[in-house]
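Which chain is which? The protein sequence lines are X and S, in order. For the first sequence, position 198 matches number 199 in my numbering, and the numbering has no gaps at all. For the second sequence, position 312 matches number 316 in my numbering, and the numbering has no gaps at all. By construction, the Cβ of each residue, glycine as well, lies at the ideal position given by its N, Cα and C atoms.
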Amino acid sequence: MKWFARPSRLRAAGMLGMNERNIGYIGEYNPRRNYPLVDNKLLTKQAAEQRGIPVPALYGVIRYQHEVNAVLDVLAGREEFVIKPAQGSGGKGILVVVGRRGDRFIKSSGREIDAADVCRHVSNILAGLHSLGGRNDCAMIEALIDFDPVLASYSHEGVPDIRVIAFKGVPVMAMMRCATHASDGKANLHQGAVGVGIDIGSGRSVRAVQNDILIDAHPDTGACFADLVIPHWERVLDLAASCVEMTGLGYLGADVVLDRECGPMLLELNARPGLAIQVANQTGLRNRLTLAAAIAARAKGHDERIALARAQFGEAG
Amino acid sequence: MLSTRVRIELVAATLILVGVGLMVYKVFFLGFPLLPGEYRDVWTIESKISFRPGDGPVEADLTLPSELAGWVVLDEHFASSGFGFTVTQDETRRATWTRSELAEPATLYYKLQAYRQNPRELEQRDVPALAVPLLTADQRAAMLRLIEVLEAKSSDRTSFTQLLIRALDSRTTDPDGRFLLSTWDEDSGDVLLLTLALAEIPATALRGVRLEDGRRRQTLSTLLEIHDGERWQVFDPRTGQAGLPEDFFIWQRSEDAVLNVSGARNSRLEFALVSNSLPSRSVLAMEQRSGRYALLDFSIYALPVEQQGVFKGLLLIPVAALVVVIMRLLVGVKTSGTFMPILIAIAFIQTTLLLGLAIFLGLVAAGLWIRGWLSHMNLLLVSRISAVVIVVIFLMSALALTSYRLGLDQVLSVTFFPVIILAWTIERMSILWEEEGPHEVLVQGSGSLLVATLAYLAMSNRLASHLTFNFPELTLTLLGLILLLGKYTGYRLTELYRFRAMGDKP
Numbered sequence: 002m003k004w005f006a007r008p009s010r011l012r013a014a015g016m017l018g019m020n021e022r023n024i025g026y027i028g029e030y031n032p033r034r035n036y037p038l039v040d041n042k043l044l045t046k047q048a049a050e051q052r053g054i055p056v057p058a059l060y061g062v063i064r065y066q067h068e069v070n071a072v073l074d075v076l077a078g079r080e081e082f083v084i085k086p087a088q089g090s091g092g093k094g095i096l097v098v099v100g101r102r103g104d105r106f107i108k109s110s111g112r113e114i115d116a117a118d119v120c121r122h123v124s125n126i127l128a129g130l131h132s133l134g135g136r137n138d139c140a141m142i143e144a145l146i147d148f149d150p151v152l153a154s155y156s157h158e159g160v161p162d163i164r165v166i167a168f169k170g171v172p173v174m175a176m177m178r179c180a181t182h183a184s185d186g187k188a189n190l191h192q193g194a195v196g197v198g199i200d201i202g203s204g205r206s207v208r209a210v211q212n213d214i215l216i217d218a219h220p221d222t223g224a225c226f227a228d229l230v231i232p233h234w235e236r237v238l239d240l241a242a243s244c245v246e247m248t249g250l251g252y253l254g255a256d257v258v259l260d261r262e263c264g265p266m267l268l269e270l271n272a273r274p275g276l277a278i279q280v281a282n283q284t285g286l287r288n289r290l291t292l293a294a295a296i297a298a299r300a301k302g303h304d305e306r307i308a309l310a311r312a313q314f315g316e317a318g
Numbered sequence: 005m006l007s008t009r010v011r012i013e014l015v016a017a018t019l020i021l022v023g024v025g026l027m028v029y030k031v032f033f034l035g036f037p038l039l040p041g042e043y044r045d046v047w048t049i050e051s052k053i054s055f056r057p058g059d060g061p062v063e064a065d066l067t068l069p070s071e072l073a074g075w076v077v078l079d080e081h082f083a084s085s086g087f088g089f090t091v092t093q094d095e096t097r098r099a100t101w102t103r104s105e106l107a108e109p110a111t112l113y114y115k116l117q118a119y120r121q122n123p124r125e126l127e128q129r130d131v132p133a134l135a136v137p138l139l140t141a142d143q144r145a146a147m148l149r150l151i152e153v154l155e156a157k158s159s160d161r162t163s164f165t166q167l168l169i170r171a172l173d174s175r176t177t178d179p180d181g182r183f184l185l186s187t188w189d190e191d192s193g194d195v196l197l198l199t200l201a202l203a204e205i206p207a208t209a210l211r212g213v214r215l216e217d218g219r220r221r222q223t224l225s226t227l228l229e230i231h232d233g234e235r236w237q238v239f240d241p242r243t244g245q246a247g248l249p250e251d252f253f254i255w256q257r258s259e260d261a262v263l264n265v266s267g268a269r270n271s272r273l274e275f276a277l278v279s280n281s282l283p284s285r286s287v288l289a290m291e292q293r294s295g296r297y298a299l300l301d302f303s304i305y306a307l308p309v310e311q312q313g314v315f316k317g318l319l320l321i322p323v324a325a326l327v328v329v330i331m332r333l334l335v336g337v338k339t340s341g342t343f344m345p346i347l348i349a350i351a352f353i354q355t356t357l358l359l360g361l362a363i364f365l366g367l368v369a370a371g372l373w374i375r376g377w378l379s380h381m382n383l384l385l386v387s388r389i390s391a392v393v394i395v396v397i398f399l400m401s402a403l404a405l406t407s408y409r410l411g412l413d414q415v416l417s418v419t420f421f422p423v424i425i426l427a428w429t430i431e432r433m434s435i436l437w438e439e440e441g442p443h444e445v446l447v448q449g450s451g452s453l454l455v456a457t458l459a460y461l462a463m464s465n466r467l468a469s470h471l472t473f474n475f476p477e478l479t480l481t482l483l484g485l486i487l488l489l490g491k492y493t494g495y496r497l498t499e500l501y502r503f504r505a506m507g508d509k510p
């Protein structure tokens with residue numbers, strides 16, 4: 002592999018660069034006033050529930066410092082849960098507890114922490130440590146996703162999620178993000194999680210990439226990505242496309258998780274989805290975005306947009 | 005309706021053109037130096053008028069020099085204790101000192117500073133009417149013979165004048181020349197002028213000072229100026245050399261006396277000369293005081309020297325901002341905090357680069373260690389950061405004190421590091437370490453330091469500081485560039501690396 006790609010080659014592949022994404026799509030199609038709905042996970046969750054979009058159950062919200070100890074009441078009797086800042090970004094400040102041992106909590110990585118650690122974590126969230134610009138924040142306590150066993154072998158110590166980029170209500174590109182030992186159970190690609198490109202048409206895997214390098218199998222579990230098919234694919238696309246209508250953002254990334262019981266659920270939305278999805282799919286976003294704009298102009302409704310997208314962007318198409 | 009892109013491009017192009025245009029104007033029309041390395045020779049010419057007391061009221065009248073042949077007078081001073089003093093301006097400027105009576109010898113001073121902005125020829129002027137010289141019969145006969153001989157040898161007025169100068173040289177062998185010289189007891193200047201007048205060549209004397217660094221008791225020198233039919237030309241009456249010498253400061257363009265003193269005896273006019281090589285910008289600063297150019301009046305030179313220093317620093321920040329924009333938008337370097345690198349770079353300017361880097365790394369490392377210890381204390385975020393702020397201040401004081409004891413003055417400047425920024429950096433780095441591991445800390449930390457170092461190099465560059473200070477309008481140009489870069493949609497350099505796996509087969 003070469004050290005650098007030639008710009009002409011990237012352009013030929015239709016790769017979207019950070020600058021073009023920021024100016025041409027985020028700046029152009031995402032009105033600033035609609036950001037809070039996306040940046041604040043609590044607002045996203047409420048809006049999604051109103052529209053009947055499934056989301057993980059909310060156990061409680063801690064808004065003020067004096068309530069911090071109340072977190073223990075919320076957690077009473079709960080074996081597994083997730084605490085996250087409502088306005089965090091890039092997966093910062095998310096505490097995943099998968100079990101309890103007496104008074105102590107077991108994190109997804111297997112490390113044990115005590116109640117004081119949990120309280121400190123909540124307190125840090127409230128002070129805005131993990132939020133954009135250090136704003137005061139609130140902490141959400143959510144149900145842990147009991148993820149679909151079909152995907153279990155593709156993730157190590159964490160929940161795999163599916164990122165779908167939608168433009169004007171048209172699903173454009175998708176990727177599954179699998180946690181690895183290197184990513185410490187988090188699904189962030191720049192921390193070493195694996196990104197698996199997913200075919201929009203079929204929900205099958207296209208290519209997998211870790212740290213910008215193409216791979217065949219999960220480095221920890223050894224599961225081969227070629228066999229991967231995302232269950233309930235139709236529903237995942239439907240969910241992602243609905244979010245465009247919900248938020249009024251033209252260009253967004255929807256993070257969807259597959260629950261064993263409830264099927265696809267919306268985890269969070271992102272107004273500034275990253276670009277690594279292009280490497281995982283081995284194709285650029287730019288051409289697809291142009292095509293998606295045409296589809297959006299042509300299609301009569303939500304379902305037709307998805308159908309056209311599947312035909313257009315699917316491997317068969 | 006124009007698209008935002010075109011609008012931005014128009015605005016940016018206008019800004020860039022205005023900035024560059026003003027700069028070009030200042031360089032070519034106001035004589036601002038484009039490069040920092042330029043120094044100007046500024047001459048301080050002190051004229052000393054001394055005389056002995058006579059009877060009754062005293063009046064000393066000095067013709068003041070006018071700015072000719074590209075010379076610019078920066079500053080003048082008159083010293084006239086006990087004398088009434090006026091400066092009058094009709095055809096030429098004149099300074100007049102008056103006193104009702106004088107008991108002791110007196111000395112008056114007129115000092116000026118001048119430099120030759122753009123050396124050029126002497127300004128042309130009208131040809132005066134020729135006056136027929138008053139001569140004795142033998143003088144006239146000798147002159148006519150001389151003129152006849154020289155006219156036969158010469159082709160035009162220029163060569164005639166040069167031949168004449170040689171013929172009236174003190175070493176001349178020409179009999180008529182020798183005769184003419186013997187009938188005038190003063191120097192040959194008057195003979196030259198009279199002969200030229202008889203030959204119907206308009207000519208005048210050019211009075212001035214020969215510039216010689218460190219010279220005292222210099223007296224006025226005379227050059228010869230003739231009209232060759234088309235234009236005025238200057239000759240050295242001793243050597244016949246044509247052209248205005250570089251080292252000649254013109255005082256007056258006629259043979260009239262420069263100094264007239266009445267009511268006193270033994271008046272003398274002497275000059276003392278000093279040359280200073282000054283950076284062009286100081287010269288301009290001095291020139292500004294004469295307030296002739298509106299653009300200069302609005303320049304930074306109009307400010308007191310202290311404020312100039314502040315602006316010098318402020319005007320460099322856009323340069324650093326451009327570096328940050330380039331590194332982030334074109335290269336794609338990750339930094340911790342968008343403009344943090346600029347603040348670090350400003351601190352580096354005070355401490356010098358290597359020392360600054362060492363201090364920064366030292367402080368952040370120590371801060372991280374202490375922050376790690378503080379995190380066990382289970383404190384609230386705000387008070388934890390405040391604690392880090394105080395610890396950082398303490399570390400800085402300790403460093404400053406130790407270095408003072410060791411006699412290292414430079415380290416004292418650690419105080420220029422922005423404490424709050426440093427504390428936040430430590431806090432963020434520590435969080436980053438916990439959440440994303442040391443690798444990310446290394447990436448963002450070294451990114452910040454790389455950009456800070458480049459910003460420092462750009463800001464401490466002599467050319468950059470010269471340009472931003474002398475041409476503050478270039479800030480508009482920088483703004484235009486930054487606006488344009490804000491619309492750059494191409495790939496970042498790091499993306500070429502990041503997307504290098506495109507099209508590869510695993």
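Contact annotation: the segment 259-266 of chain X touches the segment 147-155 of chain X, with at least three C-beta pairs closer than 8 angstroms. Residues of chain S whose Cβ lies closer than 7 angstroms to the Cβ of Val210 of chain X are, in chain order, Ala505.
Beta-carbon to beta-carbon, Gly23 of chain S and Glu477 of chain S are separated by about 5 angstroms, close enough to satisfy the 8 angstroms threshold. Each of S:Glu95, S:Arg120, S:Tyr492 and S:Ser104 was checked against the Cα of Val329 of chain S, and the nearest Cα belongs to S:Tyr492. Counting C-beta atoms within 10 angstroms of its own C-beta, Tyr155 of chain X has 16 or more neighbours from the protein chains shown and is therefore classed as buried. Ala175 of chain X is bridged by DSSP to X:Val165 and X:Ile199. In terms of Cβ geometry, Leu488 of chain S and Leu326 of chain S do not form a close pair [threshold 8 angstroms]. Counting the other Cβ atoms within 10 Å of the Cβ of Gln47 of chain X gives fewer than 16, which makes it exposed.
For Met141 of chain X, the enclosing beta strand (DSSP E) begins and ends at Ala140 to Ala144. In this chain, the alpha helix (DSSP H) harbouring Gln166 of chain S covers Arg161 to Ala171. Among the CB atoms of chain S, none fall inside 8 angstroms of the CB of Val151 of chain X.
The straight-line gap separating the alpha-carbon atoms of Asp256 of chain X and Leu240 of chain X is approximately 10 angstroms. Shown in chain order are the members of the segment 476-505 of chain S whose Cβ falls below 7 angstroms from a Cβ of chain X: Lys491, Tyr492, Thr493, Gly494, Tyr495, Arg496, Glu499, Leu500, Tyr501, Arg502, Phe503, Arg504 and Ala505. About 19 angstroms separates the beta carbon of Met266 of chain X from that of Pro86 of chain X, a gap too long to meet the 8 angstroms contact definition. Closest option to Leu378 of chain S, judged by alpha-carbon separation, among S:Ile430, S:Leu34 and S:Thr339: S:Ile430. Contacts with chain S at 8 angstroms (Cβ-Cβ) include Gly25 of chain X. The beta carbons of Leu172 of chain S and Leu134 of chain S sit no closer together than 8 angstroms.
Take Ala107 of chain S, set aside five residues on each side of it, and the residues of its chain with a beta-carbon closer than 7 angstroms to its own are Pro57, in chain order.
Collapsing the DSSP output to three states places Arg44 of chain S in a strand.
DSSP, reduced to helix, strand and coil, places Pro274 of chain X outside both helices and strands of the structure shown, so it counts as coil. Contact annotation: the segment 170-190 of chain X touches the segment 208-220 of chain X, with at least three C-beta pairs closer than 8 angstroms.
In this structure, the alpha-carbon of Leu273 of chain S lies about 7 angstroms from that of Ser51 of chain S. At a cut-off of 8 angstroms, the C-beta of Gly336 of chain S has a neighbouring C-beta in chain X. Of all residues in the segment 213-236 of chain X, only Asp213, Ile214, Leu215, Ile216 and Asp217 come within less than 7 angstroms of chain S when Cβ atoms are compared, listed by chain position. With fewer than three CB-CB distances shorter than 8 angstroms, the segment 368-376 of chain S does not count as touching the segment 452-460 of chain S.
Listed along chain X, the residues sitting closer than 7 angstroms to Glu440 of chain S by beta-carbon distance are Gln192. Neighbours of Asn20 of chain X across chain S, judged by C-beta separation under 7 angstroms: Leu333, Tyr492, Thr493, Gly494 and Arg496.
Exposed is the label assigned to Met381 of chain S, since fewer than 16 other Cβ atoms lie within 10 Å of its Cβ. Neighbours of Met141 of chain X across chain S, judged by C-beta separation under 8 angstroms, do not exist; the nearest C-beta is about 18 angstroms away. In the structure shown, Ser387 of chain S adopts helical secondary structure according to DSSP, grouped into three states.
With its beta carbon less than 8 angstroms from one in chain X, Val386 of chain S belongs to the interface. Classified as exposed, His81 of chain S has fewer than 16 neighbouring CB atoms from the shown chains inside 10 Å of its CB. Sequence-distant partners of Ala144 of chain X (beyond 5 residues in either direction) whose C-beta falls short of 7 angstroms from its own C-beta, in its chain, are Pro57, Ala58, Tyr60 and Phe82. For Ile435 of chain S, the nearest beta carbon of chain X is closer than 8 angstroms to its own beta carbon. Assigned with DSSP and collapsed to three states, Val447 of chain S falls in helix. Rounded to the nearest whole angstrom, the CA to CA distance from Gly18 of chain X to Phe503 of chain S is 10 angstroms.
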